[in-house]
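Enquirer:
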Amino acid sequence: MVPKLVAILILGVLAGALPEPVLAQNCGTGCQAGPCFTTPSSNVPVPHVVTKGFFDGIIDQADASCAGKNFYTREAFLDALKPYPKFGTEGPPCDCLFEIAAFFAHVTHETGHFCRTKDVNGASKDFCDETETRYPCVSGKDYSGRGPLQLSWNYNYGEAGESIGFDGLNNPEIVATDVDISFKTALWFWMSNVHSVVGQGFGATIRVINSNECDGGNTAAVNARVDYFTEYCNKLGVSTGENLGC
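With mature numbering (1 follows the signal peptide of the UniProt record, and there is no 0) applied, the sequence shown covers -24 to -1, 1 to 222.
Written out as C-alpha cells, the structure is:
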C-alpha cells in the first residue's frame, strides 16, 4: 500500500506542475490546429524565436551583390524592437509566433529575402499624395518604398519620422541607409497598422500592407506571401490558421 500511495502522490505533484491546456478556439488565430498552454502575456522572448539561424536562413538566400545583404542585421532588428515591446509578445505563445511569422513573411516578400533596401521601381513614381497637408511633399524628394516593409508615401514618412525621430519628409533616403531607422520604420508601420488585425488571419495583414494585391489584383504576389508565411509557421511550429488570402 505504501508504494502505491507514494506513486499516487508523485503523479499528483507532476500533474500540478504541468501547464494547463486551454481549448484551441480560445487561443487565437495561430492555435487552430490544437491546444496551447496558458501563459502570461509577454512571455515569448522574441530573440529566442528570431534566432541567428532563423534570420540567416532568410538573408542567406539573397545574392551577394544585393544592397541589403550587408545592410540588414539581426542585431539591428532586435535593437529596433525596444520601443515596441508588444510586438510578438501579446497573448499565448502560439499567437506570438503567428505574428512573428507573418512579419517576416511580408519582409521576405517586400525585400526579396533582405536583398532590397529600396523599391526597384521607385524612380517611376514619387509616391507623393498632394492632398496630404499635414505631411506635405518636399520638392525633389520621392517617397517610394524603402526598408524591410518598403515604407511608402509622404504621410507615412512624415508620421514615422515624428514617431521615431528623423526627418522623414526632407530625408526619406535615410530609411535605406541607416539600418536602425530602417527596421524601426518597419516595426512602427506594423504596430501602428497591422498588429491590431493579426487576429483576423494572415489575409487581413496582406490587405493592410498592400490592398492592391487583394481581390484578384495580384494573385501571384498574395500566393508568394502566403507561401513564405506557411514556411515560417512550419519552422516555428505554429498553425497558419484560416483566412490566408485576401
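Where is the CB? At the ideal position from N, CA and C, for every residue including glycine. Source: prediction; values computed, not measured.
#1: Have a look at the DSSP bridge pairing and note the partners of K94.
#2: Tell whether a beta-carbon distance below 8 Å holds between V25 and F53.
#3: Return the chain-ordered list of same chain residues with a C-beta closer than 6 Å to the C-beta of P61, the five sequence neighbours on each side being excluded.
#4: Suppose contacts are defined by Cβ-Cβ distances below 8 Å. Is I35 in contact with F90 by that definition?
#5: Quick one, which of G44, V170, A180 has its alpha-carbon nearest E218's?
#6: Confirm, please, whether the CB-CB distance from C104 to N132 is below 8 Å.
#7: Should A152 and V83 be called a contact, given that it needs their Cβ atoms to be closer than 8 Å?
#8: Please state whether DSSP places L54 in a helix, a strand or coil.
#9: If you draw a straight line from the C-alpha of F159 to the C-alpha of T206, how long is it?
#10: Drop a sphere of 10 angstroms on the beta-carbon of V184, count the other beta-carbons inside from all chains shown, and report buried for 16 or more, exposed for fewer.
#11: Thinking just about the alpha-carbon of each residue, which of A56, E75, P59 is nearest to the one in T65?
Expert: Here's the rundown:
#1: R122
#2: no
#3: none
#4: yes
#5: A180
#6: no
#7: no
#8: helix
#9: 23 Å
#10: buried
#11: E75
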